[in-house]
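In this note's numbering, the protein residues as written are 1 to 332. Where is the CB? At the ideal position from N, CA and C, for every residue including glycine. This structure is a prediction, so every number in the text was calculated from the model and none was measured.
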């Protein structure tokens, strides 16, 4: 299963709220997140999580002391997750909508569905938290991929948690509710939906903690650590590979210079200290400067070896330049 699925399952299977007001707040969050309200106020909750049905039954029973009026229909889809329809009849649906301040009477005396979140529903902090939990269960989605700890490949995916709503007022109100916990989100419109999203890793973790997905938080925190170690290791490997490439390039350039001097004037024309180093480099083409310095008699420092090799390369370049000048003069 996905990280998102497991997090929702953890929240859905947790203990129900102890107070009636919190049961209503969570139920309202679910209805707002994934509920379709008919003209006669029947409610259909659409989800891919079968455990949500049991959760909704419990919330309804705790608040209304009966779960009559709730039933489940399952749609089996080949090669796709099952889709579950939690149907709440119109009598119970109207009660829920009215009690949660979703259904209200306007100034003209007509009933209408409100777009936003009523402050009276979430006036207590405990109810506010349960409402966020309900929205999480109803419409949260995440693209977070937890990789195998032994996989050293850099994971380019980020941390993205989002909530989709049918109107901008509801999305804006929910974004404000999250901000009360220090979770600052952004909002975009995607087709006909309004999406509240969080991309910062720590804020995603904080949101999971708010809804009580504690195992998901631990998993995510572990992923933070694994990714950091993996990224550090990749940086070190990249740095090492880069250094090796530079060393190989330098060694090839030095050997080419030595071979050119040998063909042009002979290595024996060089000073003894450079002659010895030329022979040493030819015999040890893959050795680092540190190791070459130790092989010299007497041993030299790395900077000393590097200085002499630069002299050798410079001599080869000067010889090549002189040859080119001579060839140009002969042509003239």
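What span of residues does the alpha helix (DSSP H) with residue i cover, start to end?
i: residue 198; result: Note, residue 198: premise wrong, no alpha helix (DSSP H); beta strand (DSSP E) at 193-198.
Considering Cα atoms alone, identify which of the options is closest to residue i.
i: residue 73; options: 300, 322, 13 and 54; result: 54
i: residue 42; options: 33, 135, 69 and 57; result: 69
i: residue 267; options: 241, 177, 200 and 313; result: 313
i: residue 265; options: 140, 81 and 318; result: 318
i: residue 211; options: 10, 235 and 277; result: 10
i: residue 280; options: 263, 39 and 308; result: 308
i: residue 131; options: 105, 78 and 100; result: 100
i: residue 257; options: 311, 218 and 226; result: 311
i: residue 81; options: 2, 303 and 243; result: 2
i: residue 76; options: 59, 65, 5 and 47; result: 47
i: residue 189; options: 169, 91, 18 and 200; result: 169
i: residue 84; options: 96, 92, 90 and 71; result: 71
Following the continuous beta strand (DSSP E) through residue i, name the residue where it begins and the one where it ends.
i: residue 64; result: Where residue 64 is concerned, there is no enclosing beta strand (DSSP E), although the alpha helix (DSSP H) it sits in stretches over 51-64.
i: residue 96; result: Unbroken run through residue 96 is the alpha helix (DSSP H), 90-99; no beta strand (DSSP E).
i: residue 30; result: Element bounds for residue 30: not the beta strand (DSSP E) but the alpha helix (DSSP H), 20-34.
i: residue 72; result: 70-75
i: residue 372; result: Here the chain comprises residues numbered 1 to 332, so residue 372 is not present and cannot be evaluated.
i: residue 142; result: 140-142
i: residue 161; result: 161-165
i: residue 289; result: Segment 289-295 is the alpha helix (DSSP H) holding residue 289; no beta strand (DSSP E) there.
i: residue 112; result: 111-113
Buried or exposed, going by whether 16 or more other CB atoms sit within 10 Å of the CB of residue i?
i: residue 15; result: exposed
i: residue 26; result: buried
i: residue 316; result: buried
i: residue 49; result: buried
i: residue 152; result: Caution is warranted here: a pLDDT of 48 is assigned to residue 152, below 50, making its placement in the model unreliable, and the coordinate value is therefore given only provisionally. When all chains shown are included, residue 152 counts as exposed.
i: residue 301; result: exposed
i: residue 219; result: buried
- Task: Could you pull out every unbroken alpha helix (DSSP H) segment of at least 4 residues lying fully inside the stretch 203-277, listed in chain order?
- Result: The stretch 203-277 contains these whole alpha helix (DSSP H) runs: 214-264.
- Item | Segment contact flag, the stretch 159-173 with the stretch 196-207, C-beta cutoff 8 Å, min 3 pairs | The answer is yes - the stretch 196-207 touches the stretch 159-173, with three or more Cβ pairs under 8 Å.
- Message: Measuring CB atoms only, is the stretch 42-52 touching the stretch 113-120, in the sense that at least three cross pairs come out at less than 8 Å?
- Response: Contact annotation: the stretch 42-52 does not touch the stretch 113-120, with fewer than three C-beta pairs closer than 8 Å.
- Item | the stretch 320-332 touching the stretch 288-299, judged by at least three CB pairs closer than 8 Å | The count of Cβ pairs closer than 8 Å, one atom from the stretch 320-332 and one from the stretch 288-299, stays below three, leaving the stretches out of contact.
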